[in-house]
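Heads up: the sequence shown begins at 1 in the UniProt record's numbering, then just goes up one per residue.
No residue lacks a Cβ here, since even glycine has one placed at the ideal position from N, Cα and C.
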Amino acid sequence: MNFPGVSIIIPVLNNERTIKKCLECVTFQDYPKNKVEILILDGGSTDKTIAISKSSKSINLHIIKGGYRNNMEARRSIGFQKAKHNLVLVLDSDNYLYSPDSLRKLVKPMLGKDRLVGSFTLHYHYDSRLPLFTRYISLFGNHDPVAYYLHKADRQKITQKTWPHKNQIVSTKPEWTIVQFNKKDFPTLGCNGFLINKKYLHLKDIKPENFLHTDILYDLLDKGLNKYAVVDAQVVHDSSSSIKRHLEKRYEYMQLHHISLAKIRRYKVFDSDSPQDRLRLGKFILYTITIVRPLYESIEGFFQKPDLAWFIHPFLCWAFLITYSFAVVNPYKKG
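Now the structure itself:
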């Protein structure tokens, strides 16, 4: 395998809980160390995040004062601009490349002639020793039930062995599947262990404060750039220390990127002008109130892969319905 250079961008802000393991997993990758640079985009951490990062054994690690304390996406944009390689791996500090060959597997399909925008994993890696909520994310392939029921999730349930949407499959190879998307079925691609070919992006036209990872990929659809590789690599998403903290983060993210900046968004997880999205959101609300569908999926999943983490799904549906409802209503109350 001819190893191309890879830039790994990791926005951080007070992530001392996860950054050590994140960097350790990068360091242990079976990939030439001189071909990898790591960019830490700090938003002004006041804990041990930077000290831990500096003590990492990673060779080509650079810590950049990214600013934008309350906007991780803006710091991610700066990471893209600073990256010296065309292949950019987008990691969050709570993402772990769990297997030494994870990076290699993500890179390999990008070396072909398929003109791929990027590559991502079919699942999040599952391990019964992981915390409860992290296991839930691995089992359902998503940390947001709303996106899941809107059919916008980019990862699949751990019980799903292949890409389920046959109409999106272009070709299948032993190590990866090539899929293509359109504007009606585009998932929430672009982070949590997502590899992208930066040469296709037009970042100079986007201010950092207006950047969102799904937008830049959605924009490429107009240029016919719609193909991606789905690989079976191991990436863990250790999202939050608690479900409460995760809901707080989603509330903040919703308010900033989907409400305050709604007018400049090109990609919408929920598009109020789409009859399909309105129907699916209505179904999510109905499913949540009655709990029948979420509970059924929990039971079904448990019989396929026994783990009690399946059963927090009905409660999370309620928690997200309430959290996002407050996020939508609060701006009107203030006005």
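Check whether the Cβ atoms of residue i and residue j sit closer than 8 Å, and answer yes or no.
i, j, result
"Leu247", "Thr188", "no"
"Val90", "Gly43", "no"
"Val231", "Trp176", "yes"
"Phe140", "Lys157", "yes"
"Ile10", "Ser138", "no"
"Phe270", "Tyr149", "no"
Drop a sphere of 10 angstroms on the beta-carbon of residue i, count the other beta-carbons inside from all chains shown, and report buried for 16 or more, exposed for fewer.
i, result
"Gln160", "exposed"
"Leu279", "exposed"
"Ile289", "exposed"
"Phe320", "buried"
"Asn2", "exposed"
"Val170", "exposed"
"Asn95", "buried"
DSSP beta-bridge partners for residue i?
i, result
"Tyr228", "Gly118 and Val179"
"Pro11", "Leu41"
"Phe194", "Val90"
"Asn95", "His237"
"Val36", "Val6"
"Ile63", "Ile40"
"Ile169", "Val179"
For residue i, which residues from the same chain have a beta carbon less than 8 Å from its beta carbon, with the 5 sequence-adjacent residues on both sides left out?
i, result
"Val117", "Ile196, Asn197, Tyr200, Leu217, Leu220, Leu225, Asn226, Lys227 and Tyr228"
"Tyr98", "Cys25, His125, Asp127, Gln234, Val235 and Val236"
From residue i to residue j, what does the alpha carbon distance come to, in whole angstroms?
i, j, result
"His257", "Ser240", "19 Å"
"Lys108", "Gly190", "18 Å"
"Lys21", "Asn330", "37 Å"
"Glu37", "Leu316", "37 Å"
"Asp30", "Pro100", "5 Å"
"Lys305", "Leu295", "15 Å"
"Lys249", "Val328", "15 Å"
"Lys173", "Trp318", "40 Å"
"Val68", "Leu41", "Rather than Val, the amino acid found at residue 68 in this sequence is Tyr. So the two alpha carbons sit approximately 10 Å from each other."
Excluding the 5 residues preceding and the 5 following residue i in the sequence, name in chain order all residues of the same chain whose CB lies nearer than 6 Å to its CB.
i, result
"Asn210", "Ile264"
Looking only at its own chain, which residues have a Cβ that is under 7 Å from the Cβ of residue i, when we skip the five neighbours before and after it?
i, result
"Asn14", "Ser45, Thr46, Asp47 and Thr49"
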